[in-house]
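Residue 1 is where the sequence shown starts when you use full-length UniProt numbering, and the numbers rise one by one after that.
For every residue, glycine included, the Cβ atom is placed at its ideal position computed from N, Cα and C.
In this text, all values refer to a predicted model and were calculated from it rather than measured experimentally.
Worksheet: the structure to be examined is printed underneath.
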Amino acid sequence: MDVKDPCEHNQCRFGAQCRPTLDGVSFECVCPEKCSAYGNSRSSRPVCGTDGKDYPNMCELKKTACREMRILEVRFTGRCDPCQGVECPNSQVCQLDEHRNAICRCNAICSEDLRPVCGSDGKTYSNECTLRVEACKFRKNIRVVYPGECSAGKNPCESITCGPFEDCNIDKYGIASCQCQPSCESVMKPVCGSNGQTYSNECELQRNACLMKRHVSIVYKGPCGDTGPCHNYVCSFGAMCVLQNGRPNCECPTCPERFEPVCGSDGMSYTNECKMKKEACEQRKEISIAYMGLCNTCSQTQCEYYAVYLCINVHCKYGARCEDGRCVCPTECPENYDPVCSSDGTTYRNECEMRRAACEQTMELSVLIYGECEDVGGSGAGSKSPESGSGNSPCDKDACRFGGICDYDSDDRLLCVCAFECPHVRAPVCGSDGEFHDNDCKMKEQSCKTQKKIVIVPKNRCQKVEEIACDGEKPLINPVTGKDYFCGDGPESKTCPPSSYCHKTSEFAKCCKEVIMIKSCADTIHGCCPDGKTAAQGPDQAGCPSQCNCNRLGSYSSTCDPVTGQCPCKPGVGDLRCDRCEPGFWGLHKISEGSSGCSPCDCDQYGSVRDDCEQMTGRCVCKHGIQGMKCNICPPGTVLGPDGCMDASIAKSVTGSCDELQCFHGAKCKEKHGEVQCVCDFKCNSDERDTKTPDDTIVCGTDGNSYGSECQLRQFSCRYQKPIAVAHEGSCSKVNVIGMPLFTGKSYLELSKLEAYSRLAIELEIRTLASDGIILYNGQTASGKGDYVSLAIKDGHVEFK
Numbered sequence: 001m002d003v004k005d006p007c008e009h010n011q012c013r014f015g016a017q018c019r020p021t022l023d024g025v026s027f028e029c030v031c032p033e034k035c036s037a038y039g040n041s042r043s044s045r046p047v048c049g050t051d052g053k054d055y056p057n058m059c060e061l062k063k064t065a066c067r068e069m070r071i072l073e074v075r076f077t078g079r080c081d082p083c084q085g086v087e088c089p090n091s092q093v094c095q096l097d098e099h100r101n102a103i104c105r106c107n108a109i110c111s112e113d114l115r116p117v118c119g120s121d122g123k124t125y126s127n128e129c130t131l132r133v134e135a136c137k138f139r140k141n142i143r144v145v146y147p148g149e150c151s152a153g154k155n156p157c158e159s160i161t162c163g164p165f166e167d168c169n170i171d172k173y174g175i176a177s178c179q180c181q182p183s184c185e186s187v188m189k190p191v192c193g194s195n196g197q198t199y200s201n202e203c204e205l206q207r208n209a210c211l212m213k214r215h216v217s218i219v220y221k222g223p224c225g226d227t228g229p230c231h232n233y234v235c236s237f238g239a240m241c242v243l244q245n246g247r248p249n250c251e252c253p254t255c256p257e258r259f260e261p262v263c264g265s266d267g268m269s270y271t272n273e274c275k276m277k278k279e280a281c282e283q284r285k286e287i288s289i290a291y292m293g294l295c296n297t298c299s300q301t302q303c304e305y306y307a308v309y310l311c312i313n314v315h316c317k318y319g320a321r322c323e324d325g326r327c328v329c330p331t332e333c334p335e336n337y338d339p340v341c342s343s344d345g346t347t348y349r350n351e352c353e354m355r356r357a358a359c360e361q362t363m364e365l366s367v368l369i370y371g372e373c374e375d376v377g378g379s380g381a382g383s384k385s386p387e388s389g390s391g392n393s394p395c396d397k398d399a400c401r402f403g404g405i406c407d408y409d410s411d412d413r414l415l416c417v418c419a420f421e422c423p424h425v426r427a428p429v430c431g432s433d434g435e436f437h438d439n440d441c442k443m444k445e446q447s448c449k450t451q452k453k454i455v456i457v458p459k460n461r462c463q464k465v466e467e468i469a470c471d472g473e474k475p476l477i478n479p480v481t482g483k484d485y486f487c488g489d490g491p492e493s494k495t496c497p498p499s500s501y502c503h504k505t506s507e508f509a510k511c512c513k514e515v516i517m518i519k520s521c522a523d524t525i526h527g528c529c530p531d532g533k534t535a536a537q538g539p540d541q542a543g544c545p546s547q548c549n550c551n552r553l554g555s556y557s558s559t560c561d562p563v564t565g566q567c568p569c570k571p572g573v574g575d576l577r578c579d580r581c582e583p584g585f586w587g588l589h590k591i592s593e594g595s596s597g598c599s600p601c602d603c604d605q606y607g608s609v610r611d612d613c614e615q616m617t618g619r620c621v622c623k624h625g626i627q628g629m630k631c632n633i634c635p636p637g638t639v640l641g642p643d644g645c646m647d648a649s650i651a652k653s654v655t656g657s658c659d660e661l662q663c664f665h666g667a668k669c670k671e672k673h674g675e676v677q678c679v680c681d682f683k684c685n686s687d688e689r690d691t692k693t694p695d696d697t698i699v700c701g702t703d704g705n706s707y708g709s710e711c712q713l714r715q716f717s718c719r720y721q722k723p724i725a726v727a728h729e730g731s732c733s734k735v736n737v738i739g740m741p742l743f744t745g746k747s748y749l750e751l752s753k754l755e756a757y758s759r760l761a762i763e764l765e766i767r768t769l770a771s772d773g774i775i776l777y778n779g780q781t782a783s784g785k786g787d788y789v790s791l792a793i794k795d796g797h798v799e800f801k
């Protein structure tokens, strides 16, 4: 008689194994007794269970599930929280990368300077650094919308009301919308929600509550259920119960860095409400919000027994402070030497010492320059200027004052060179010589030339001269508006075109044509280059053409930066000598045929494999089945779309009109073959460069690139559909060089994730100080993903694996 296997139609739950009894008729469910290790195999790697606990391997997880008779599955391969036990510097936090590897990031070392900025989340931050730290810590894309507090301008977030855990986001067009957290870290730190559900972590609770548009709070940290150690465990002063080594523990909250100041009931100001609650938790005392904003101690001081606050109507001058109704001068100042040059021409040890002197002498003093007066043109009281005809007077530190450089003329007589190179801006200031000067720099230059101290004084001390825009010359007209350029303060302000300056007063701000004084290179501060024509950019003929070797096609000028050696490159051109096109551009040789720079590859985003192209022809690398120079041609009967070439019958037709399409950055909407698109069809006038030297028309864009003219800058802004404005006149001082410290054996340089379809080229230039060491390394993750690459020095030889 055949006996059937009793385990054939019976299954055991909770990971137990079915085992027939000795009689072969019945069965029993048996839990695994031991787990075997198989080296570094997948089944032997640590796993994270759905209960939020780490297990050495899959077998141990099943063994626990069976022993405790509960459903337990693998949530992640690896530890539940890879950051647990990782010690980061105090200024950083531990986060996970895309492979769940723990890394330290978000350097939170920010200055305490209060320079508020309004973020794209509608929140005010104390400065731009704290905004970046906030964005990094909470994995959000937050950018600066405008400088200053959000309440200082129009805050689009104030016009909408977001639901639970929704964040306001202001897009690039200034439109606000409510959004949920896009994703959360792959961390298993279970929390029990007020709806009785267990979530993987606090972020998942908030994200699910946001998507469901319901308010869900954390009851305690840990899985829901009566058996949780944090269940019914009460924490006071705003602390939260967390599990540490299986035991409940109260932990104070972590806070964001956004600047929403509140005044606490303890009379102290806090950056935001969360920071106040954290302080109350750490100090174990009750602190509530007295009112929104920074504390105003005088207005909130309550005096008892009919007393009055003595300082409430006392306003002290000259840096004094009020104590018991009297103005008292500062008595203690720090000993650090941080010199300031005061408006009285005296150098003080630090700003506090200047305030104390102003208070004791009952006179108004202000900081002219942070540094010694000698550094900027004033050697202080008691200095004497060189007398004319003094013969061979030595060039000591007192020979030339007020910023002058001591030198000798051809007759070996002492002279002072005043090479200030002041900006072409008319912002008149009144000097102590009783004269108006074009700007502060021009006043200092005059002080140097006359070797007399001249400082800014109230304008009523100068003879009033009626200001005429551009000194009677016709102001420049903006070709876009047909009106005079406005270069003053405000949103309508424009940068004056090259070869012009801004004439600004309290009544007008006009762009005026600059009168260029052509001088010999011998008259410049650094003299001539070896060619006898070009002015040297620095000492020892630094920046001269013979040292720069700038490419004549790719560079605007034959001279370069005297310090970095960077030549001023044309648009789309890169490298130190401007001898190659930047990635995504081609056609350096085309510049000789009239091109303004390297041309964009313009590879079709749907049909090309990559953004760059062949340098001589501009041909792009196409995906399979797609043709054309720009990879935009499909076989007959198909059209190109996001998923490649598809049948024309199922492809969505492009409809609409220019009334529905909005173009930006100078582009114009045009209709062609029933399709509408934004086109940049304007060209820059080449005659502009024919009448001016290269240095007169070059402008530096806010994207860090140099352009031949402001017109070319606008042209590139239109082509790439991104905002580019003039940062300043002249070429950018950008150098594509990464300075690295000496590697001591413990330091390393880490590259972010690199994406390559078929090939990847990395150029390294190193100098080894040891016979063994790692040059380049990329290891696989704990899950077995990624490529293993090793380039090392072994016994003085290069080894590649």
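- In the three-state reduction of the DSSP assignment, residue 320 falls in the coil class, being assigned neither a helical nor a strand state.
- When 624, 625, 608 are compared, the shortest CA-CA separation from residue 618 is found for 608.
- Note on residue 801: under 16 other CB atoms within 10 angstroms of its CB, so exposed under the neighbour-count rule.
- Under a 10 Å Cβ-count criterion, residue 161 is classified as exposed, with fewer than 16 other Cβ atoms of the shown protein chains found around its own Cβ.
- Setting aside the 5 residues that flank it on each side, residue 527 is surrounded in the same chain by 536, each with a C-beta closer than 6 Å to its C-beta; the list follows chain order.
- In the structure shown, residue 592 adopts helical secondary structure according to DSSP, grouped into three states.
- Between residue 730 and residue 774, the CB-CB gap reaches or exceeds 8 Å.
- A distance of 8 Å or more separates the beta carbons of residue 203 and residue 180.
- A straight-line Cα-Cα distance of about 21 Å links residue 34 and residue 27.
- With a beta-carbon spacing of about 41 Å, residue 329 and residue 281 fall beyond the 8 Å limit used to define contacts.
- Listed as beta-bridge partners of residue 535 by DSSP are 528.
- Per DSSP, the unbroken alpha helix (DSSP H) holding residue 278 starts and ends at 273–283.
- Taking C-beta atoms as the reference points, residue 768 and residue 727 fail to come closer than 8 Å.
- Counting C-beta atoms within 10 angstroms of its own C-beta, residue 712 has 16 or more neighbours from the protein chains shown and is therefore classed as buried.
- In the three-state DSSP reduction, residue 206 falls in the helix class (H, G or I).
- Taking the Cα of residue 786 as reference, the smallest distance to any Cα among 628, 604, 98 is reached at 98.
- Looking at the DSSP output, residue 95 shares a beta bridge with 103.
- At least 8 Å separates the beta-carbon of residue 580 from that of residue 587.
- Nearest to residue 223 by alpha-carbon distance, out of 239, 236, 248, is 248.
- The three-state reading of DSSP puts residue 357 in helix, counting H, G and I together.
- According to the DSSP assignment, residue 509 belongs to the beta strand (DSSP E) that extends over 509–513.
- The three-state reading of DSSP puts residue 445 in helix, counting H, G and I together.
- Between residue 110 and residue 629, the alpha-carbon positions lie close to 49 Å from each other.
- Non-local beta-carbon contacts of residue 732 in its own chain, meaning distances under 7 Å to residues more than five positions away in sequence, involve 700, 704, 705, 706 in chain order.
- Pairing residue 216 with residue 238 gives a Cβ-Cβ distance that is not under 8 Å.
- In the three-state scheme derived from DSSP, where H, G and I count as helix and E and B as strand, residue 469 is classed as helix.
- Between the alpha carbons of residue 542 and residue 436 lies a gap of roughly 37 Å.
- Taking a contact to require three or more Cβ pairs closer than 8 Å, the region 183–201 and the region 150–169 do not qualify as touching.
- The shortest C-alpha to C-alpha distance from residue 254 to any of 470, 278, 270 is the one to 278.
- Just measuring C-alpha positions, the residue of 474, 354, 104 sitting nearest residue 89 is 104.
- Nearest to residue 149 by alpha-carbon distance, out of 143, 131, 123, is 123.
- Setting aside the 5 residues that flank it on each side, residue 658 is surrounded in the same chain by 669, 670, 671, 676, each with a C-beta closer than 8 Å to its C-beta; the list follows chain order.
- Of the residues 766, 779, 291, 604, the one whose Cα lies closest to the Cα of residue 798 is 766.
- Where residue 21 is concerned, there is no enclosing alpha helix (DSSP H), because DSSP gives it neither an H nor an E.
- Judged by DSSP in its simplified three-state form, residue 767 adopts coil rather than helix or strand.
- Exposure of residue 468 is indicated by the presence of fewer than 16 other C-beta atoms within 10 angstroms of its C-beta.
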